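A short write-up of the structure that comes next.
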């Protein structure tokens, strides 16, 4: 099984919640995680030709391909156990519409969900899933 890497904003509470949502729904351990702000996160962004200073999107690195915004979120859901893969049907909604909603949430995520002053420190039971 190939692993996929999910890059998240390490200070965003919504992004931290995403990690805690994915892990129990990914019993095979397919997804690994890294903060966008970390050295490995910045290196992966640069390798994918993405702006290493852009922190307003989740990034999925899967089989050498990079996905951002709604495409990343939907591909992550597709990789989880049932019933979450059914959400991938939303990929049929045109990307400009999906991403408009994604960007609206991303712009407001700190105000709605909060943020920390430093990157998420994973608990010991999920630390092994972080790069």
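Residue numbers (this note's numbering): 4 to 134. Beta carbons: idealized from backbone N, C-alpha and C, even for Gly. These numbers come from a predicted model, not from an experiment.
Residue span of the alpha helix (DSSP H) that contains residue i, given as start and end
i, result
"residue 78", "72-81"
"residue 110", "98-116"
Check whether residue i and residue j have beta carbons under 8 angstroms apart
i, j, result
"residue 13", "residue 39", "yes"
"residue 11", "residue 35", "no"
"residue 84", "residue 118", "no"
"residue 59", "residue 109", "yes"
"residue 112", "residue 17", "yes"
"residue 101", "residue 93", "yes"
C-alpha distance - residue i paired with residue j, whole-angstrom precision
i, j, result
"residue 37", "residue 73", "19 angstroms"
"residue 86", "residue 5", "21 angstroms"
"residue 129", "residue 26", "8 angstroms"
"residue 15", "residue 114", "10 angstroms"
"residue 32", "residue 132", "8 angstroms"
"residue 43", "residue 67", "15 angstroms"
"residue 88", "residue 99", "21 angstroms"
"residue 41", "residue 50", "14 angstroms"
"residue 24", "residue 30", "12 angstroms"
"residue 105", "residue 52", "21 angstroms"
"residue 107", "residue 45", "24 angstroms"
Extent of the continuous beta strand (DSSP E) run through residue i
i, result
"residue 14", "Element bounds for residue 14: n/a, residue is neither H nor E."
Expected contact under 8 angstroms - CB spacing of residue i and residue j to nearest Å
i, j, result
"residue 75", "residue 96", "Actually they do not touch by this definition, with Cβ atoms about 15 angstroms apart."
"residue 70", "residue 78", "5 angstroms"
"residue 47", "residue 64", "6 angstroms"
To test your reading of the DSSP string, which unbroken alpha helix (DSSP H) runs of 4 or more residues are found completely within the stretch 22-96? 42-50, 72-81
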